[in-house]
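Chemist:
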Amino acid sequence: MTAALAAAFHRDMRPYTLLALVVVAVALVDRGRGYFLSTATAFSVMQLFATYGLVSLGLGLSLLVREFDISTAGMVTLAGAVAVLAGVDNPWLGIAAALAVGLAGGVIQGLIMTYLNLNSVAVTVGGLLTYQGASYVLTGNQSISYPHMSLALALNAPIAGVLSVRSTIVVGVFLLLALVMAYTRIGRDILATGGDRRASTVAGVNTKAIIIGVFAASGVLCALSGAMLSYGLAAASPSALSDVLPPAAAGAIIGGVSLVGGRGRPLGIAAGVLILCVLRSGLNAAGASSHVHDIATGFILLAVAVADAPDLQRRLTEWRLRRREASRSFERISNEAAP
Amino acid sequence: MTTVSDNAPGEASERIGARAVLRRIHLTTAIRLCGATAILAWALATPGFLSRLSIFSMLTSISFVGCVAIGMTFITLSGNIMSLALGATVSAASVVFMTSLGTGVVFAAVIALVFAGALTAIQGALVGFFRANPILVSIAALACILGFADVFTGGQRVYPGGEGFALLRSRPLGIPVETLIFLAAAVIGQLILSTTRLGREVVMTGSNRRASETAGLNTPAAVTWAYAIAGVATALAGILLSARYGSGDMDIGTGYEYRAIAAVLVGGNAIAGGAGSVWRSCVGVTVLAAIEMTVRLRGFSEEWQYFFTGLVVLGVVMLQASGGRR
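First to last, the protein sequences are chains A and B.
In terms of the numbering used here, the first sequence opens at residue 1 and continues consecutively.
In terms of the numbering used here, the second sequence opens at residue 1 and continues consecutively.
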């Protein structure tokens, strides 16, 4: 029993166990009224998953190599604007342009941080501001509409009740990346680079290329996400940046990506994002207000940040020792005082 | 702006390559000076840049962003890169200030300052004591602040619960109050940094945490205090902004965290911490405000200012590569 529990909460299994627990918990909150366990809710969960999933995956990949891609949020907006503007005549052209922008942005950032040996947060903050500025310039700081409503409807039309074209593509990308990470040399090299960069370099891994590749992949994933989101909404807007980062980071972290690099899987990230999506739409369907979800996300992130903190064990041991010391001296004093 | 003293921690070991180091420093300093001169020339050559209107507009923008940048400087210097929650903290402080105005303007301001200071200090404690990832903690705090604020305000704008904030919109001696407050905050911030024990502990912790700990510094306390100061400085921006708009809401500070870190980086503070000053951030804020104003006066649409800011930040970050990163 305990062995089974330990296995279920082992780092690699934890996201899936948590996902199951969250589904059960939300179903209990719903108390069988049928709002939660319905195809409609499942569909909305998958739509949310399609919105956040790829951003979380991109951010998660950068965490895997022990970097942090803050620019993800900016790329979603920029790619959305590019897709809408370039795809007026032909949607495929818009998608291609958006993906090209994502690829270029990721490669440039990767080149800067590897060849100049710079902190990824600093570079990607610069990237984020540049992307954000570029999307303001492209859209003229207003929401621009995309004149293909039929495309928006087609992207979001239900497939088999639960999926849509948009979420099917996202699920497909997750499966593809899971295969790449599990069965290719690139996947192993990414994990090795995140685990110990210097050792990997010595062992013959081209860590610079891996990092550039990871940021390129992150850019492309966010671009795809942004382009599909804008097509799905038939509009692109330059704002709403800060909304994406918390859920994307939370998804990756809950999905078992380690903050010290080298651990994590795409399917775990998928489970992490699904947990958040189930919480949000489940709580909505069960009648709880949306800020509950924000607070829950925040506390989960905080808990994981502390649980993964390198000095947590040390501080706890320190406090325990100090308490023991204190209680011992207390005993000594009271013993001396007793007779 | 990079001086030799920036590289002080590695000075002994790098003595052999001192000439190479000096040459590199001179190169980056030269690039920075050229860049600053070019921006200055571009700005001054812009018709209307030195007009009363544009100067006052710049002063106001500098003051708001500057307060947050002073706070961010402490976080960056303490070795924790940045906080993504400071923008939301500005908004939260504006809401707290407006709500508690019924108790008098001074008391309301104190409440807002203490509130934001404590809120940010909690994050600092988690980062300092457990070495939790600062970026992640700040993202978590961002989500929590937005969530709780929604419970509290219901997503609505908060109108003043009392009078007296007009004081914060006055112009004694023709200078806007926000500018005076920002200047005072900058002077106090720099004094804390360069003359107090706490300030030096913050810089040393950011420069090399392990060495500071071995030397007997209480690094967790230093980090917590750095965050607390950051929260207080950030709350100043919230108070001033809400006084200016006559209301507080959770959108008032959106984006300020990014503008502040941009100013800190453009000013030439080391992103890895341990080297920098409040002055540099003030220079950074001023440069960004000048770019903003020039872009607007030159007839570019307002959106271009964001784009140029982004490029300048990227450029400055790239210059840090040769400025020495451990």
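Don't be surprised by glycine CBs; every beta carbon is placed ideally from N, CA and C.
What are the start and end residues of the alpha helix (DSSP H) that includes Thr193 (chain A)?
Modeler: As a position in the first sequence, residue 193 (chain A) is number 193, starting the count at 1. Run containing Thr193 (chain A): 185 to 195, per the alpha helix (DSSP H) assignment.
Chemist: Listing by chain order, which chain B residues have their CB less than 9 Å from the CB of Thr130 (chain A)?
Modeler: In the first sequence, counting from the first residue as 1, residue 130 (chain A) sits at position 130. Near Thr130 (chain A) (Cβ distances below 9 Å), the residues of chain B are Tyr306, Phe307, Thr309, Gly310, Leu311, Val313, Leu314.
Chemist: Would you mind reading off the limits of the alpha helix (DSSP H) that contains Asp30 (chain A)?
Modeler: Your numbering for residue 30 (chain A) matches position 30 in the first sequence. Counting along the chain, the alpha helix (DSSP H) containing Asp30 (chain A) begins and ends at 14 to 30.
Chemist: Going residue by residue through the region 215 to 296 of chain A, where are the continuous alpha helix (DSSP H) segments of at least 4 residues, counting only ones entirely within it?
Modeler: Here the runs fully enclosed are 245 to 254, 266 to 285.
Chemist: Using a threshold of 8 Å, state whether the C-beta atoms of Leu37 (chain A) and Ala27 (chain A) are closer than that.
Modeler: Numbered from its first residue, the first sequence carries residue 37 (chain A) at position 37. Numbered from its first residue, the first sequence carries residue 27 (chain A) at position 27. Yes. Within cutoff.
Chemist: When the Cα atoms are used, what is the spatial distance from Met46 (chain A) to Leu64 (chain A)?
Modeler: Mapped onto the first sequence, residue 46 (chain A) falls at position 46. Mapped onto the first sequence, residue 64 (chain A) falls at position 64. So the two alpha carbons sit approximately 25 Å from each other.
Chemist: Can you tell me whether Arg314 (chain A) is buried or exposed? The criterion is at least 16 other CB atoms within 10 Å of its CB, across all chains shown.
Modeler: Here residue 314 (chain A) is taken as the residue at index 314 of the first sequence, counted from 1. The residue is exposed, with fewer than 16 neighbouring Cβ atoms inside 10 Å.
Chemist: In the region 78 to 123 of chain A, which residue ranges form an unbroken alpha helix (DSSP H) of at least 4 residues, counting only runs that do not cross its ends?
Modeler: 91 to 115
Chemist: Could you give the DSSP three-state label for Ile211 (chain A): helix, strand or coil?
Modeler: The residue you call residue 211 (chain A) lines up with position 211 of the first sequence. The answer is helix: DSSP assigns Ile211 (chain A) an H, G or I state.
Chemist: Does Asn335 (chain A) come within less than 8 Å of chain B when only Cβ atoms are used?
Modeler: In the first sequence, residue 335 (chain A) corresponds to position 335, counting from 1. So, not an interface residue.
Chemist: If you draw a straight line from the alpha carbon of Arg280 (chain A) to that of Ala216 (chain A), how long is it in whole angstroms?
Modeler: Taking the first sequence and counting its residues from 1, the one referred to as residue 280 (chain A) is at position 280. Taking the first sequence and counting its residues from 1, the one referred to as residue 216 (chain A) is at position 216. For Arg280 (chain A) and Ala216 (chain A), the distance between alpha carbons rounds to 30 Å.
Chemist: Is the beta carbon of Val114 (chain B) closer than 8 Å to that of Val127 (chain B)?
Modeler: Taking the second sequence and counting its residues from 1, the one referred to as residue 127 (chain B) is at position 127. Taking the second sequence and counting its residues from 1, the one referred to as residue 114 (chain B) is at position 114. Against a cut-off of 8 Å, the Cβ pair of Val114 (chain B) and Val127 (chain B) comes out as no contact.
Chemist: Buried or exposed for Thr72 (chain A), going by 16 or more other Cβ atoms inside 10 Å?
Modeler: Position 72 of the first sequence, counted from the first residue, corresponds to residue 72 (chain A). Classification for Thr72 (chain A): buried.
Chemist: Report the three-state DSSP secondary structure of Gly324 (chain B) (helix, strand or coil).
Modeler: Taking the first residue of the second sequence as 1, we reach residue 324 (chain B) at position 324. Reliability of the predicted coordinates at Gly324 (chain B) is poor, the pLDDT of 45 falling under 50, and no value is obtained from them.
Chemist: Compare the C-alpha of Ser237 (chain A) against each of A:Gly298, A:Leu48, A:Val121, A:Gly80 and name the closest.
Modeler: Residue numbering aside, residue 237 (chain A) sits at position 237 when the first sequence is read from its first letter. Here the closest residue by C-alpha is A:Gly80.
Chemist: Which residues in the same chain as Pro220 (chain B) place their Cβ atom closer than 8 Å to its Cβ, once the five residues preceding and following it in sequence are excluded?
Modeler: Walking along the second sequence from the start, residue 220 (chain B) turns up at place 220. Only Ala125, Gly128, Phe129 meet the Cβ criterion.
Chemist: Give every residue of the same chain whose Cβ lies closer than 6 Å to the Cβ of Arg197 (chain A), excluding the five residues on either side of it in the sequence, and list them in chain order.
Modeler: Taking the first sequence and counting its residues from 1, the one referred to as residue 197 (chain A) is at position 197. So the qualifying residues of the chain are Thr207.
Chemist: Curious, which full-length alpha helix (DSSP H) runs of at least 4 residues does the region 249 to 275 of chain B contain?
Modeler: 256 to 266
Chemist: On the three-state DSSP scale, how would you describe Ser138 (chain B)?
Modeler: By 1-based counting over the second sequence, the position of residue 138 (chain B) is 138. Here Ser138 (chain B) sits in helix by DSSP.
Chemist: Do you know how far the Cα of Tyr146 (chain A) is from the Cα of Thr196 (chain B)?
Modeler: As a working note, residue 196 (chain B) is residue 196 in the second sequence. As a working note, residue 146 (chain A) is residue 146 in the first sequence. Roughly 58 Å separates the two Cα atoms.
Chemist: Could you run through the region 112 to 126 of chain A and flag, in chain order, every residue whose CB is less than 8 Å away from some CB of chain B?
Modeler: Hits within the stretch, in order: Ile112, Leu116, Asn117, Leu118, Asn119, Val121, Ala122, Val123, Val125, Gly126.
Chemist: Specify, as a first and last residue, the run of the alpha helix (DSSP H) that Val313 (chain B) falls within.
Modeler: Looking up residue 313 (chain B) in the second sequence gives position 313. Run containing Val313 (chain B): 303 to 319, per the alpha helix (DSSP H) assignment.
Chemist: Is it buried or exposed, Leu112 (chain B), if we count other Cβ atoms within 10 angstroms and call 16 or more buried?
Modeler: For the purposes of this step, residue 112 (chain B) is taken as the residue at position 112 of the second sequence. Contrary to the premise, residue 112 (chain B) reads as Ala rather than Leu in this sequence. Its Cβ being crowded by 16 or more others within 10 Å, Ala112 (chain B) is buried.
Chemist: Just to confirm my understanding: we take Ala7 (chain A), look at its own chain, exclude 5 residues before and 5 after, and list those with CB closer than 8 Å. What are they?
Modeler: If you number the first sequence from 1, residue 7 (chain A) lands on position 7. Here the set comprises Met13.
Chemist: Using Cβ-Cβ distances below 9 Å, what residues of the region 72 to 97 of chain B are close to chain A?
Modeler: Ile81, Met82, Leu84, Gly87, Ala88
Chemist: What three-state label does DSSP hand Val158 (chain B) in the structure shown?
Modeler: Position 158 of the second sequence, counted from the first residue, corresponds to residue 158 (chain B). Correct three-state label for Val158 (chain B): strand.
Chemist: Check whether chain B comes within 8 Å of Ile212 (chain A), counting only Cβ atoms and requiring the distance to be less than that.
Modeler: Mapped onto the first sequence, residue 212 (chain A) falls at position 212. So, not an interface residue.
Chemist: For Ile159 (chain A), which of helix, strand or coil comes out of DSSP?
Modeler: One-based indexing of the first sequence puts residue 159 (chain A) at position 159. Reduced to three states, the DSSP call for Ile159 (chain A) is strand.
Chemist: Can Gly187 (chain A) and Pro15 (chain A) be called in contact, C-beta distance under 8 Å?
Modeler: Sequence index remark: in the first sequence, residue 187 (chain A) carries index 187 (1-based). Sequence index remark: in the first sequence, residue 15 (chain A) carries index 15 (1-based). No; because the gap between Cβ atoms is not below 8 Å, this pair is not in contact.
Chemist: Val205 (chain A) to Ala235 (chain B), Cα distance in whole Å?
Modeler: What you label residue 205 (chain A) is simply residue 205 of the first sequence in a count that begins at 1. What you label residue 235 (chain B) is simply residue 235 of the second sequence in a count that begins at 1. Approximately 47 Å between the Cα atoms of the pair.
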